[in-house]
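Be aware that the first sequence starts at 1, since it is given in the UniProt record's numbering, and climbs by one per residue. Positions of the beta carbon are idealized from the N, C-alpha and C atoms, including for glycine. Read the structure below first, then the notes.
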Amino acid sequence: MRAQTQTQVDDQMALLSQYYPGIYDQLMPEQVEVAKPRRRRKKNKTDASSSGFRKRKLSDEQVSLLEQNFGDEHKLESERKDRIAAELGLDPRQVAVWFQNRRARWKSKKLEEEYSKLKTEHDSTVLEKCKLETEVLKLKEQLSEAEKEMNRLLERSDGISSTSPSSSFSMEAIEAPLFGEFGMEGFEDVFYLQENSYINGGLDWFNI
DNA sequence: AGGATAGCTTCATTACATCA
DNA sequence: CTGATGTAATGAAGCTATCC
Numbered sequence: 001m002r003a004q005t006q007t008q009v010d011d012q013m014a015l016l017s018q019y020y021p022g023i024y025d026q027l028m029p030e031q032v033e034v035a036k037p038r039r040r041r042k043k044n045k046t047d048a049s050s051s052g053f054r055k056r057k058l059s060d061e062q063v064s065l066l067e068q069n070f071g072d073e074h075k076l077e078s079e080r081k082d083r084i085a086a087e088l089g090l091d092p093r094q095v096a097v098w099f100q101n102r103r104a105r106w107k108s109k110k111l112e113e114e115y116s117k118l119k120t121e122h123d124s125t126v127l128e129k130c131k132l133e134t135e136v137l138k139l140k141e142q143l144s145e146a147e148k149e150m151n152r153l154l155e156r157s158d159g160i161s162s163t164s165p166s167s168s169f170s171m172e173a174i175e176a177p178l179f180g181e182f183g184m185e186g187f188e189d190v191f192y193l194q195e196n197s198y199i200n201g202g203l204d205w206f207n208i
C-alpha cells in the first residue's frame, strides 16, 4: 500500500531527526513545517468510579494471545480484530487499542535499539580516526628525523669537499624520493597541514 | 473532477492500577 | 499515603478509498 510505504519513510525520517537534529532539515527542507500544537484533551467529566467504569487490566492469558498475534503481524485487519476479540471475550475496540499501544511500544524499543547501534558504530569510527591520526603523527616524527639526518649528512659532505660537484645536491632533489622510501605516495598534502590540526583532532580520544 | 464520509493510522496525552 | 511506572483508553489530526 502506498500509504504504508510513505509512513515507513516518515518514521525513518522522524527517527533521524529525533536523534540527529538538523539532519531532517538538510535532507528534506521543503517538507519541514512548524508542528501544529495538538489541542489538549479535555478532562473526562464522568467520574470513573461513580459511572461504574473500571479500567481492566488484561489477563495474562489475553495478553499472551495478543502478543502471539502481534508477533505474527503488527497490522490488524477488521476480520482478524473481530476474531481475536471474540476469542478473548473483549471488545474489538479494546483489541485495536491494544495493538495501537503495542505498536507504539515496539517502535520506541526499535528506536532505542537503532540508537545504540548507531552510537556503537559512531564510537568505533571515532576510535579508528584517532588511531589513524596517531599513526600520522608518528610518521611525521619519522619524516622530521629523516630530514634532520639528511641535513647532517649534507653539512658533513659540504665540509669535506666544498668544490665537489656533489655540492649542488639539494633537498628538492631528495624530498620526492623520500616519500616513496616511506611508502607514502599520495600523502604529501597531509604534511602541509597545520601542526595543531592534529592536536585538535586528537582530542576525540577523550570523548570516547 | 471534487466534496463528503467512513475507517483506518499515528501521536500525544490522560486516567487508572499497581507496586515499592 | 505517595510518587513512579506501566498500560488501557481517549482525542486530534492525517491519509486513503469509496460514494455520489
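Which of the three DSSP states is assigned to G71 in this structure?
Reading the first sequence from its first residue, position 71 is the one you call residue 71. DSSP places G71 in helix when its eight states are reduced to three.
For V97, count neighbouring Cβ atoms within 10 angstroms of its own Cβ and tell me buried if that reaches 16, exposed if not.
The residue given as residue 97 occupies position 97 in the first sequence. V97 should be labelled exposed.
Please report the distance separating the alpha-carbon of K75 from that of R105.
Along the first sequence, one-based indexing puts residue 75 at 75. Along the first sequence, one-based indexing puts residue 105 at 105. Distance between the alpha carbons of K75 and R105 is about 14 Å.
State the DSSP-derived secondary structure class of E79, mapped to helix, strand or coil.
Walking along the first sequence from the start, residue 79 turns up at place 79. Of the three classes helix, strand and coil, the one that applies to E79 here is helix, per DSSP.
Suppose you measure from the CA of L154 to the CA of A146; what does that come to, to the nearest Å?
Locating residue 154 in the first sequence gives position 154, counting from the first residue. Locating residue 146 in the first sequence gives position 146, counting from the first residue. Their Cα atoms are separated by approximately 12 Å.
Look up R152 in the DSSP assignment and say whether it is helix, strand or coil.
Reading the first sequence from its first residue, position 152 is the one you call residue 152. R152 falls in the helix class under three-state DSSP.
Straight-line CA distance for A86 to L127?
If you number the first sequence from 1, residue 86 lands on position 86. If you number the first sequence from 1, residue 127 lands on position 127. The straight-line gap from Cα to Cα measures roughly 56 Å.
For the region 87 to 94 against the region 55 to 72, are there 3 or more C-beta pairs whose distance is under 8 Å?
yes
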